[in-house]
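Q: Here's a structure for you.
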Amino acid sequence: MSKMLFNTEIIERNNVVNIEDRAYQFGDGIYEVIGVYNGKPLMLDEHMQRLERSAREIRLTLPESTAKLKKRLEQLVSTNELHEGIIYMQVSRGVASREHYFPSADVSPVIVAYTREEERMTDVEDKGAKAVLVEDIRWLRCDIKTLNLLPNAMAKQEAVENDAIEAILHRGNIVTEASASNVFMVKNGELYTHPADNYILNGITRRKLLELASELGINVNEQTFTVDELLAADEVFVSATKLDIIPVLQVDDSIIGNGQPGNITRQLIHAFRNLYEQNTESRA
Ligand code: PDD
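FYI, the numbering for the sequence shown is 234 to 517, going by the numbering used here.
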């Protein structure tokens, strides 16, 4: 059995859930999923910065600096000899007698992290997949990476029941993101994605792809688009840690573009692969 991080210690992975942990009872906490390529977490600083922001937004004080936390996560990866996969990490507001209001300041947040060996999804990345449209019924702070994922889980379930890889969410006619990834479309050679506001999670993969697209000379528009525009797009893809970039060839019954992974999608897949192939283990 692999090891896990529990607050400040790396211990045997076992059942450490306390029934009065606020993560368990209220979903009161935040999390990150970090990709590990070639034994090294990718864009760990960016994930740590987003964790800090999520903590601030829900008024949770992290018990220690993210610099220390980062070291512990790197140590966990090397203890578990993880080569290819993910780190899952969450911070709950802590363990306290069940009351909706926040516990007193002497209650410490609880940090847990573990790793999971996982192959890259390069096959689906090359071939593409189907998505379904689902109404976005989430709250209005989707920019915070909180543990409250029930609407996301329900949407993903709908995708799975329809042999789709993702559920693309829309609020009314506006496409926001997907159940566990960001959504992009290409129209007339330009890239479009929802602006990073309170309606979406500003994905670490999303940010990197916008950078890579600019470097490739692709025009980037952080602009909302409608369901009709999505269905009429030349290319659609979703992006997230662990999924990387998946071309979407069909949304519900509509075929996107010519039904094949598009040129800009392929360029971005290639650029992202280059990035993680260079992500070699740093042995000090
Ligand atoms: N999900 N939007 C939502 C709702 C997400 O849950 C995720 C990631 C993303 C993409 O973010 P990033 O590129 O930083 O992974 C966008 C993770 C992987 C998860 O919950 O498993």
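Ideal Cβ placement from N, Cα and C applies to all residues, glycine included. All values reported here derive from a predicted model rather than from experimental measurement.
1. Check whether the Cβ of G262 lies closer than 7 Å to any heavy atom of the ligand GTP, and answer yes or no.
2. What's the C-alpha gap between M234 and E351?
3. Can A329 be considered in contact with the ligand PDD, in the sense that its beta carbon sits closer than 7 Å to one or more heavy atoms?
4. Would you mind sorting G405 into buried or exposed? The rule is 16 or more other CB atoms within 10 Å of its CB.
5. Relative to the C-alpha of K301, which residue among A397, T438, K475, Q282 is closest?
6. To the nearest angstrom, report how far apart R286 and E297 are at their CA atoms.
7. My output table needs one value for A517: the three-state DSSP class, helix, strand or coil.
8. If I'm right that D261 touches S325 with Cβ under 8 Å, what's the distance once you round it to whole angstroms?
9. In terms of residue numbering, what span does the alpha helix (DSSP H) encompassing V357 cover?
10. Around the Cβ of P274, are there at least 16 other Cβ atoms within 10 angstroms (buried) or fewer (exposed)?
11. Using a threshold of 7 Å, is the CB atom of L434 nearer than that to any non-hydrogen atom of the ligand PDD?
12. Could you check if A473 belongs to the surroundings of the ligand PDD, using beta carbon to heavy atom distance under 7 Å?
13. Using the C-alpha atoms, what's the distance from N247 back to G450?
14. Within the region 371-399, note down every full alpha helix (DSSP H) run reaching 4 residues or more, in order along the chain.
15. Do the region 376-395 and the region 331-348 make contact, defined as three or more Cβ pairs closer than 8 Å?
16. Should R439 be listed as close to the ligand PDD, given that the test is whether its C-beta is under 7 Å from any heavy atom?
17. Below 7 Å, is the gap between the Cβ of N385 and the nearest heavy atom of the ligand PDD?
18. Taking its Cβ as the centre, do 16 or more other Cβ atoms sit within 10 Å of D396, making it buried, or is it exposed?
19. With a Cβ-Cβ cutoff of 8 Å, do T438 and I319 count as a contact?
20. Taking only three categories from DSSP, how would you classify Q323?
21. Using the Cβ count rule (16 or more neighbours within 10 Å means buried), how would you classify A386?
22. To the nearest angstrom, how far is the alpha carbon of G436 from that of I267?
23. Determine, using beta carbons only, whether I344 comes closer than 8 Å to chain B.
24. Excluding the 5 residues preceding and the 5 following Q258 in the sequence, name in chain order all residues of the same chain whose CB lies nearer than 8 Å to its CB.
25. How about L325: is its Cβ closer than 7 Å to a heavy atom in the ligand PDD?
26. Return yes when at least one heavy atom of the ligand PDD lies under 7 Å from the C-beta of V266, else no.
27. So, for L529: in the same chain, excluding its five sequence neighbours on each side, which residues have a beta-carbon less than 6 Å away from its beta-carbon?
A: Reading off the structure:
1. With respect to small molecules bound, the structure shown includes the ligand PDD and not the ligand GTP.
2. Rounded to whole angstroms, M234 to E351 spans 16 Å at the Cα level.
3. Not under cutoff, so the answer is no.
4. G405 is exposed by the Cβ-count criterion.
5. Among A397, T438, K475, Q282, the Cα nearest to that of K301 is on Q282.
6. Using only the alpha carbons, I get a separation of about 14 Å.
7. Bear in mind that a pLDDT of 37 at A517, under 50, signals an unreliable position, so the model cannot answer this.
8. Between S325 and D261 the Cβ distance is about 6 Å, and since that is below 8 Å, they are a contact.
9. For V357, the enclosing alpha helix (DSSP H) has its first and last residue at 355-360.
10. Its Cβ being crowded by 16 or more others within 10 Å, P274 is buried.
11. Flag set: Cβ of L434 near the ligand PDD.
12. Result yes, Cβ under 7 Å from the ligand PDD.
13. About 49 Å.
14. Listed in chain order, they are 383-394.
15. Result no; under three Cβ-Cβ pairs closer than 8 Å.
16. The nearest non-hydrogen atom of the ligand PDD is less than 7 Å from the C-beta of R439.
17. In this structure, N385 has its CB closer than 7 Å to one or more heavy atoms of the ligand PDD.
18. The residue is exposed, with fewer than 16 neighbouring Cβ atoms inside 10 Å.
19. No, the Cβ-Cβ distance between T438 and I319 is not below 8 Å.
20. Q323 falls in the strand class under three-state DSSP.
21. So A386 ends up on the exposed side.
22. Each residue's alpha carbon lies about 11 Å from the other.
23. This model lacks chain B altogether, as it is built from one protein chain only.
24. Result list for Q258: I252, R331, in chain order.
25. Checking the sequence, you will find Ser at residue 325 rather than Leu. S325 Cβ: outside cutoff for every heavy atom of the ligand PDD.
26. V266 Cβ: within cutoff of the ligand PDD.
27. In the structure as shown, the chain starts at 234 and stops at 517, and residue 529 therefore has no counterpart that could be examined.
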